[in-house]
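Notes follow once the structure below has been shown.
Protein chains: 2
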Amino acid sequence: MTVRIAIDCMGGDHGLSVTVPAALAFARHEPQAQLLLVGRAADIEGMIGRVTDLRDRVQVRHADEVVTMDEPPAQALRGKRNSSMRVAINLVKDGAADVVVSAGNTGALMAISRFVLKTLDGIDRPAIASVLPNERGGTTTMLDLGANVDCTAEHLLQFAILGSSLVAAIDEKERPTVGLLNIGEEVIKGNEVAKRAAELLRASPLNFHGNVEGNDIYKGTTDVVVCDGFVGNVALKASEGLAQMLAGMIKDEFTRGPLSRALAVFAYPVLSRFKRRVDHRRYNGASLLGLRGIVIKSHGSADAYAFEQAIRRGYEAARHGLLERTIAAMQPFAIQLAAQPSAQPNAEPAQPQPANDQPRAAAA
Amino acid sequence: MTVRIAIDCMGGDHGLSVTVPAALAFARHEPQAQLLLVGRAADIEGMIGRVTDLRDRVQVRHADEVVTMDEPPAQALRGKRNSSMRVAINLVKDGAADVVVSAGNTGALMAISRFVLKTLDGIDRPAIASVLPNERGGTTTMLDLGANVDCTAEHLLQFAILGSSLVAAIDEKERPTVGLLNIGEEVIKGNEVAKRAAELLRASPLNFHGNVEGNDIYKGTTDVVVCDGFVGNVALKASEGLAQMLAGMIKDEFTRGPLSRALAVFAYPVLSRFKRRVDHRRYNGASLLGLRGIVIKSHGSADAYAFEQAIRRGYEAARHGLLERTIAAMQPFAIQLAAQPSAQPNAEPAQPQPANDQPRAAAA
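These protein sequence lines are chains A and B, in that order.
Here the first sequence is numbered in the working numbering, starting from 1 and rising by one per residue.
Here the second sequence is numbered in the working numbering, starting from 1001 and rising by one per residue.
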């Protein structure tokens, strides 16, 4: 089965110098992949001109404009209709690509994806999901990681459905377990939203495990961990910071004196195996879920290896029919979601109007 | 200067078997410390009977009852007036001790401390603060870590004042920097409460650095990181989970085969130095801030070494006059805090009445 992947080549901290080599490497590794490289055509052609063996599977689509990394989402959405990001997303909307991958500005990617692709029926807001390694040797899928900071219990239920569908599709698990991120032993067990969300989840057909705590993410207690985007973002970034500090300390200890440096030489194979196991680049590629199309967000600072992993994540999602499976998984919830007070029909007008142009998430 | 420390000897997962040896070890290390061991007197006397050299500085106070680790706070508060926890807190209230240390049930400790000691003027809710190691080789003080899950911007301002006072006292820093935990690059920069809190902090006399992200905790970007208790608790526990997973993986890699095991022997001194540096037991002992008395909460699972660190934290707080300094630091905020809509005078009645008996935090 051929998978057509649109790549926003201008996005990310490093732009073309990372995205194009990563795309070519992926095309070489994956003969079923067809790539549409979107951005300044002359520059991209200049980079791939000498590559002859892949040209039937690697095409270039020109886009004049570039969304910068710090551009306000609303400006990127309204002011740059010919950005590489938007053109790439349009390819998914028009059915020319099965998935889009971008390392660009998260806010803009979310806003444009939402405006162009629209959300699925029953989904108010898209969510950002990512996988984290766990003690069991598998991965834990966590969402939302920053798209929605003020969430209702109904939003958390929607995230749970989306995350569960993602794991069901990609990992081919029948009924992934879902945990609601909460606080445990301390004074009060959870805030009001978390309490109500637990009730909704318990009443749903999902395989709801119950509340989980921060450490359960890495224990792998459940396949999916659901939380609001503020909490998820803080937990993710605190983890990144801690991992970086610990890596620095290990390096520090092994370079502290001649003896330690000598030991480091001996310990090198073991340490590098450890390093490979926890390499965050392997887990690069977050999914923007809840849209009528598959959108993958790479870390902005990704190198070519990391960006290739994000492309792979998009490829796997499309190959496993994530979108169709999510829509099917939504069916049992149709009545429940429609009954929720916050569930709004997906009624963005085809023609942008000022009030609706800006996605709800960014307006919150 | 003598510091009198009341110790709830019955608290924690291990009770007397951890608290009493830790207390004796601390008394040996710190000739300025006077310890009041609270709990079942016969059992404690049985354990310290043969210790003759410390008896002038180690006294026993009997308490019949024990607050269990899973007891609802309200029940511990109303039903067990002669618990070791309550008797120990009473010693602080009555001026017989300068600080109380407990490894017991967090919710009960918070509820009883709040009821017995009351909050400081201008403080609505006590907060839990702890220190975490950072890349700079120092520590970052973070609060709240789970006492308050639904916070207003005014509460976050109060936490900032309390955390800043703590660092000023213990680390003898003139004007500690304060960061507000928030989310960065993603779609929206922070929720509504965080936005308003940033305004309040900017207008305050605190040394406000601005927003920080999860990774800044371990970078040591600011001396103090302020957040609501839900976010703080999740970030802390996610960090604990990640650290545990990484430690397990390192161990795993070094025991994977005969060669790796041999390398581990060589690398042992370096790895154990690393382990010592990140040993979470060294950072044991959270401060319950905002009360009219110094209360230190040890991790429930603490061993004797860890519990001794918690006693040390209490000792240092009392020795540095944390309470007096906090009250002094509150002065410039008196008008600002009184003007906040959520600031309520500290008007719990001396005689418990049903509606007020339960502390506000637990009633949320």
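By construction, the Cβ of each residue, glycine as well, lies at the ideal position given by its N, Cα and C atoms.
Cβ separation of residue i and residue j, assumed to be a contact under 8 Å, to the nearest whole Å
i       : j       : result
A/A23   : A/R57   : Not confirmed; about 10 Å, so no contact.
B/L1157 : B/L1120 : Between B/L1120 and B/L1157 the Cβ distance is about 14 Å, and since that is not below 8 Å, they are no contact.
B/L1109 : B/M1085 : 6 Å
A/R61   : A/V87   : 6 Å
B/D1013 : B/G1300 : 5 Å
B/V1212 : B/T1221 : 5 Å
A/I5    : A/L35   : 5 Å
A/E316  : A/H280  : 18 Å between Cβ atoms; not a contact.
A/V38   : A/A304  : Contact flag wrong, Cβ pair sits at about 17 Å.
B/Y1283 : B/V1167 : With 8 Å as the limit, B/Y1283 and B/V1167 do not qualify as a contact, their Cβ atoms being about 14 Å apart.
B/A1243 : B/V1278 : 7 Å
A/L263  : A/F254  : 7 Å
Selection from the options that minimises the alpha carbon distance to residue i
i       : options                               : result
B/G1285 : B/A1267, B/N1191 and B/V1100          : B/V1100
A/D370  : A/K237, A/I183 and A/G241             : Because chain A is modelled from 1 through 364, residue 370 of chain A falls outside the range shown and cannot be assessed.
B/H1320 : B/R1281, B/I1007, B/S1165 and B/G1039 : B/S1165
A/R136  : B/V1278, B/D1303 and B/G1248          : B/G1248
B/I1007 : B/L1323, B/Q1075, B/E1308 and B/L1242 : B/E1308
B/L1169 : B/E1324, B/F1333 and B/N1207          : Per the sequence shown, residue 1169 of chain B should be read as Ala rather than Leu. Taking only the C-alpha atoms, the option nearest B/A1169 is B/E1324.
A/A103  : A/A96, A/F115, A/I89 and A/P133       : A/I89
A/M330  : A/Y268, A/I161, A/A41 and A/L181      : A/I161
B/L1236 : A/G15, A/L259 and A/G214              : A/G214
B/S1260 : A/L259, A/N233, A/S272 and A/G11      : A/S272
A/L181  : A/R202, A/G210, A/S204 and A/P205     : A/G210
B/A1306 : B/R1276, B/L1322 and B/F1333          : B/R1276
A/P332  : A/K251, A/V265, A/A203 and A/V295     : A/A203
B/A1147 : B/A1111, B/N1134, B/F1115 and B/G1122 : B/A1111
Backbone secondary structure at residue i - three-state DSSP
i       : result
A/V66   : coil
B/Q1358 : Because B/Q1358 carries a pLDDT of 35, less than 50, the predicted location of this residue cannot be relied on, and the following value inherits that uncertainty. Looking at B/Q1358 - three-state DSSP - the assignment turns out to be coil, as it is neither helix nor strand.
A/M10   : coil
B/R1040 : coil
B/H1155 : helix
B/H1209 : strand
A/G163  : helix
A/L145  : coil
B/Q1309 : helix
B/P1176 : coil
B/T1222 : coil
B/R1004 : strand
A/P133  : strand
B/A1103 : coil
A/V51   : coil
A/E185  : Interpretation of A/E185 is limited by its pLDDT of 49, a score under 50 that renders its predicted location unreliable; no figure is taken from the coordinates.
B/S1084 : helix
A/A286  : strand
B/K1195 : helix
B/A1033 : strand
Per-residue burial, residue i [other beta carbons within 10 Å of its own, 16 or more giving buried]
i       : result
B/V1051 : exposed
A/T177  : buried
B/T1326 : buried
B/E1154 : buried
B/P1073 : buried
B/E1174 : exposed
A/V270  : buried
B/T1002 : exposed
B/G1046 : exposed
A/Q353  : Confidence at A/Q353 is low in this model, with a pLDDT of 35, below 50, so its placement is unreliable and no value can be given for it.
B/E1192 : exposed
B/S942  : Not covered by the structure: residue 942 of chain B. The range shown for chain B is 1001 to 1364.
B/E1172 : exposed
B/A1042 : exposed
A/D94   : exposed
A/G179  : buried
A/T106  : buried
A/G163  : buried
B/G1138 : exposed
A/K297  : buried
Under 7 Å from the C-beta of residue i: neighbouring residues of chain E
i      : result
A/S260 : No chain E is part of this structure, whose protein chains are labelled A and B.
Next on the checklist: Using a Cβ distance threshold of 8 Å, determine whether the segment 1124-1141 of chain B contacts the segment 1278-1297 of chain B, with at least three qualifying pairs required.
Outcome noted: yes
Item to check | Stretch pair the segment 54-70 of chain A + the segment 79-87 of chain A: three plus CB contacts closer than 8 Å | outcome: yes
Checklist entry - Does the segment 1221-1234 of chain B come within contact of the segment 1141-1161 of chain B, defined as at least 3 CB pairs closer than 8 Å? => result yes
Next on the checklist: So, does the segment 298-313 of chain A touch the segment 25-40 of chain A, judging by three or more C-beta pairs under 8 Å?
Outcome noted: yes
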